[in-house]
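Enquirer:
Numbering (my numbering), first residue to last: 1 to 365.
(1) Excluding the five sequence neighbours on either side, which residues of its own chain have a C-beta within less than 7 Å of the C-beta of residue 153, listed in chain order?
(2) Could you have a look at residue 175 and say whether DSSP puts it in helix, strand or coil?
(3) Assuming the contact rule is C-beta atoms closer than 8 Å, residue 311 and residue 278 should be a hit. Round their C-beta distance to whole Å, please.
(4) Helix, strand or coil for residue 296, going by three-state DSSP, please let me know.
(5) Taking residue 101 as the reference, which of 112, 126, 133 and 68 has the closest Cα?
(6) What's the C-alpha gap between residue 49 and residue 42?
(7) Please go through the stretch 129-215 and give each complete alpha helix (DSSP H) segment of 4 or more residues, from N-terminal end onward.
(8) When you compare the CB positions of residue 263 and residue 190, do they come within less than 8 Å of one another, or not?
(9) For a test of the three-state rule: what should DSSP assign to residue 264, helix, strand or coil?
(10) Could you spell out the range, first to last residue, of the beta strand (DSSP E) harbouring residue 349?
(11) Determine contact between the stretch 232-247 and the stretch 204-214, defined as no fewer than three beta-carbon pairs at a distance below 8 Å.
(12) According to DSSP, is residue 245 part of a helix, a strand, or is it coil?
(13) Can you check DSSP and say which residues form a bridge with residue 4?
(14) Are the beta-carbon atoms belonging to residue 216 and residue 194 less than 8 Å from one another?
(15) Considering only the alpha carbon of each residue, which of 148, 131 and 149 lies closest to residue 141?
(16) What's the gap between the Cα of residue 83 and the Cα of residue 10?
(17) Which residues mark the beginning and the end of the alpha helix (DSSP H) in which residue 43 is found?
(18) Does the beta-carbon of residue 326 have 16 or more other beta-carbons within 10 angstroms, so that it is buried, or is it exposed?
(19) Quick one: what does DSSP say residue 240 is sitting in, helix, strand or coil?
(20) Could you give the distance in angstroms between the alpha-carbon of residue 114 and the alpha-carbon of residue 138?
(21) Which term fits residue 136, buried or exposed, when burial requires 16 or more other beta carbons within 10 angstroms of its beta carbon?
(22) Is the stretch 169-177 close to the stretch 282-295, with three or more CB pairs under 8 Å?
(23) Take residue 331 and list the residues in its own chain whose beta-carbon comes closer than 6 Å to its own, dropping the five residues that flank it on each side.
(24) Is the beta carbon of residue 106 less than 8 Å from the beta carbon of residue 95?
(25) Which partner residues of residue 408 appear in the DSSP bridge assignment?
(26) Closest by CA to residue 80, which one among 3, 93, 126 and 51?
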């Protein structure tokens, strides 16, 4: 199959990492896959380095010139189907679809209300909760939206150095006795880091050796300042380390003792699935698609969003029960191994692309 995959994100994030992994796996499975993105984007450089053909375009808000050039490229290269990720690419893809007369499949990484969802020939949701959202809010017909859960690439998470835990802790100035809670993901209001900060006083009163690592890009800056001020106000600032954006998440996962996700709303976070694969005990909220991967008491701990007391109580339970942490972490690893790895999930995406392309082109004859 000849596929043009389109992505508008320029930095490394869950959506762009998934885009790259899908492109590489579709290529490995024998498809002709070309990845379209913005000049200099992280995903474009990574794809080029992996041997995946790339096409650069600006994808401006009124991209008439880019659309005409892309339509000519689609026709000349006999592209059979488009696969798009993220809002700018989704918008570009549905108009390109009509101009070049090829079907557009959009992958729903987020909860947004937009016309392009109904214009798509098919939508792939990363969780059942996301599928329900788009049926209800964007009025996507149920027959035109499928769920293919998010996933991890186990090869990306391989850490060959057996001493990496000690090495990373030494780099960060952390002692072996400290209990490290990792919060990995962009530091944005929706991710709820401030609620974990509000849970800390109760936790450090009993376990003063606890440290929290906040990993990710801060956006907007005023939210980061709000979180910092809250940590100072509550007297826990010395227990919080700000690491910013990191390219070595697999190494960081080996250095933490607990992965925490105090999110207010989420689909199926890749960082959480990676922590589960790495057998880090997970504390998360029961928001969005998270309960589709974690059952409270089985693969991890789930609490309501916006509830610092519930977060604190769960952390205290985790810290007091290392054997239970290990049991649930092992269950979480097995859950990801069975249901959330790249090869079977991309095989499902490939099957949807084949079906959509076949139906579209049979009607066009």
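C-beta: ideal position from N, C-alpha, C; glycine also.
In this text, all values refer to a predicted model and were calculated from it rather than measured experimentally.
Expert: Straight from the coordinates:
(1) Cβ-Cβ distances below 7 Å link residue 153 to 21 and 342 in the same chain, with the five nearest sequence neighbours on each side left out; the list follows chain order.
(2) coil
(3) Contact flag wrong, Cβ pair sits at about 21 Å.
(4) strand
(5) 68
(6) 11 Å
(7) DSSP runs (the alpha helix (DSSP H)) wholly in the stretch 129-215: 164-172 and 193-206.
(8) yes
(9) coil
(10) From DSSP, residue 349 is part of no beta strand (DSSP E) but of the alpha helix (DSSP H) over 342-364.
(11) yes
(12) In the displayed model, residue 245 falls within coil according to three-state DSSP, outside both helix and strand.
(13) 34 and 82
(14) Using a Cβ distance threshold of 8 Å, residue 216 and residue 194 do not count as a contacting pair.
(15) 131
(16) Rounded to whole angstroms, the gap between the alpha carbons of residue 83 and residue 10 is 17 Å.
(17) Note, residue 43: alpha helix (DSSP H), 42-49.
(18) That one is exposed.
(19) strand
(20) 7 Å
(21) exposed
(22) no
(23) 298 and 299
(24) no
(25) Any question about residue 408 goes unanswered here, given that the chain covers just 1 to 365.
(26) Selected option, being the one with the closest Cα: 3.
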